[in-house]
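Using this note's numbering, you'd call the opening residue of the sequence shown number 30 and step up by one each time.
Here's the structure, in structure tokens; my notes come after.
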Amino acid sequence: MVLKELQNIFHNELDAIYGQHEVNSLFYLCTEHYLNVPRIQLTLEPELAITKPETETFFKALEHLKQQKPIQYLLGETEFFGLPFTVNENVLIPRPETEELVDLIIRDVASRSVQSSLKILDIGTGSGCIAISLAKNLPNAEFYALDVSPEALKVAKQNSELNKVDINFIEANILELVENSSLWEDVALRQKGSFFDIIVSNPPYVRNLEKQEIKPNVLDNEPHLALFVEDDNPLIFYKAITEFAIKNLKPKGQLYFEINQYLGEDTMALLTDAEFEAVELLKDLNGNDRMLKGTRI
Ligand code: GLN
Numbered sequence: 030m031v032l033k034e035l036q037n038i039f040h041n042e043l044d045a046i047y048g049q050h051e052v053n054s055l056f057y058l059c060t061e062h063y064l065n066v067p068r069i070q071l072t073l074e075p076e077l078a079i080t081k082p083e084t085e086t087f088f089k090a091l092e093h094l095k096q097q098k099p100i101q102y103l104l105g106e107t108e109f110f111g112l113p114f115t116v117n118e119n120v121l122i123p124r125p126e127t128e129e130l131v132d133l134i135i136r137d138v139a140s141r142s143v144q145s146s147l148k149i150l151d152i153g154t155g156s157g158c159i160a161i162s163l164a165k166n167l168p169n170a171e172f173y174a175l176d177v178s179p180e181a182l183k184v185a186k187q188n189s190e191l192n193k194v195d196i197n198f199i200e201a202n203i204l205e206l207v208e209n210s211s212l213w214e215d216v217a218l219r220q221k222g223s224f225f226d227i228i229v230s231n232p233p234y235v236r237n238l239e240k241q242e243i244k245p246n247v248l249d250n251e252p253h254l255a256l257f258v259e260d261d262n263p264l265i266f267y268k269a270i271t272e273f274a275i276k277n278l279k280p281k282g283q284l285y286f287e288i289n290q291y292l293g294e295d296t297m298a299l300l301t302d303a304e305f306e307a308v309e310l311l312k313d314l315n316g317n318d319r320m321l322k323g324t325r326i
């Protein structure tokens with residue numbers, strides 16, 4: 030089949046769902062992934078034809094896209110901070126807002142006088158996107174990444190290999206670690222006194238009451254474990270991580286969060302009420318409260 034014809038079929042079937050522009054992007058992602066054909070080649074070679082099995086692969090992809098399955102899960106890959114990441118239904122698809130958080134941390138570290146041998150912990154690492162993109166850009170730091178989901182850790186490990194960085198992965202539930210600190214000592218990471226220079230987390234923060242704002246492609250496909258919290262205790266992870274950070278950050282160590290845009294002030298209060306100074310709430314590119322940072326006194 031001629032690829033151009035296939036592209037028209039994609040438009041006929043999908044434009045109503047995604048809009049023409051988005052369908053073009055989806056189609057080009059498929060040609061790059063399945064055929065290794067970059068989009069420019071389609072323009073230069075409009076009569077480019079593909080084999081029957083290749084055509085079948087495209088039709089299968091089309092079916093999934095009609096059901097609003099995210100293209101990243103379909104192809105099993107995505108890009109974050111300019112790096113390749115493997116993804117599947119066990120991990121959240123990395124978001125652009127999180128790239129802003131990574132960028133903030135890299136800029137802050139660059140402005141520090143001492144940059145060597147920093148110890149950095151990412152809590153709720155998921156695909157590993159935060160820890161891995163930091164590791165790639167802060168090659169002298171030592172990285173730890175924790176997640177409750179063994180399936181997510183499998184993906185994160187794969188991604189650390191793909192990007193050739195060293196991360197110490199830990200399977201643990203942060204809520205339990207805070208309840209029972211001997212568990213953390215069992216993990217044998219903590220040496221005498223406080224330990225990390227930086228703790229970062231993008232924990233679950235979407236309330237059930239916000240579910241109507243969440244698009245069906247997210248709601249029906251992405252792991253709810255990584256997304257949702259109960260309406261009556263939406264900051265459960267932030268409280269636990271703040272408590273954990275007080276015990277496990279070095280003095281002057283920094284805590285970074287991605288946060289729920291509607292809970293900026295409340296989340297900030299957790300840090301200002303605890304032992305943190307220089308607490309700052311920062312907006313993402315869409316102008317929403319999205320990042321929070323503070324320095325342990
Ligand atoms: N920003 C994500 C979303 O809107 C949520 C990420 C999270 O819960 N940590 O889907």
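Positions of the beta carbon are idealized from the N, C-alpha and C atoms, including for glycine.
Original post:
Q70: which of L191, L32 and G157 sits nearest, CA to CA?
Top reply: L32
Original post:
Taking the continuous beta strand (DSSP E) assigned at K322, which residues delimit it?
Top reply: D318 to R325
Original post:
Does the distance from the CB of G282 to the CB of L310 come in under 8 Å?
Top reply: no
Original post:
In chain order, what residues of the same chain lie with their CB nearer than 7 Å to the CB of L57, ignoring the 5 residues before and after it?
Top reply: Note that residue 57 corresponds to Tyr in the displayed sequence, not to Leu. So the qualifying residues of the chain are R68.
Subject >> Continuous beta strand (DSSP E) stretch holding P82: start and end >> reply: Unbroken run through P82 is the alpha helix (DSSP H), K81 to K95; no beta strand (DSSP E).
Subject >> CB contact check: Q283 to chain D, cutoff 8 Å >> reply: Here there is only one protein chain, and chain D is not present.
Original post:
What beta strand (DSSP E) runs, 3 residues minimum, are completely inside the region 142–166?
Top reply: 148–152
**OP:** Starting from V229, follow its DSSP beta bridges and name the residues at the other end.
**Re:** D151 and Y285
Original post:
Which whole runs of the beta strand (DSSP E) in the region 183–208 are 3 residues long or more, in chain order?
Top reply: 197–200
Original post:
Regarding L264 and the ligand GLN, is the C-beta to nearest heavy atom distance less than 7 Å?
Top reply: no
**OP:** Assign F266 to one of two classes, buried (16 or more other C-beta atoms within 10 Å of its C-beta) or exposed (fewer than that).
**Re:** buried
**OP:** Return the Cβ separation of L256 and V235 in integer angstroms, given the expectation that the two are a contact with Cβ distance under 8 Å.
**Re:** 5 Å
Original post:
On the three-state DSSP scale, how would you describe D132?
Top reply: helix
**OP:** Starting from the C-beta of I243, find all residues in its chain whose C-beta is less than 7 Å away, skip the five residues before and the five after it, and write them out in chain order.
**Re:** V235
**OP:** Answer yes or no: do V116 and Q96 have a C-beta to C-beta separation smaller than 8 Å?
**Re:** no
**OP:** Identify the continuous alpha helix (DSSP H) that holds D295 and give its terminal residues.
**Re:** G293 to D302
Subject >> Candidates I196, K183 and L175: closest to W213 by CA position >> reply: L175
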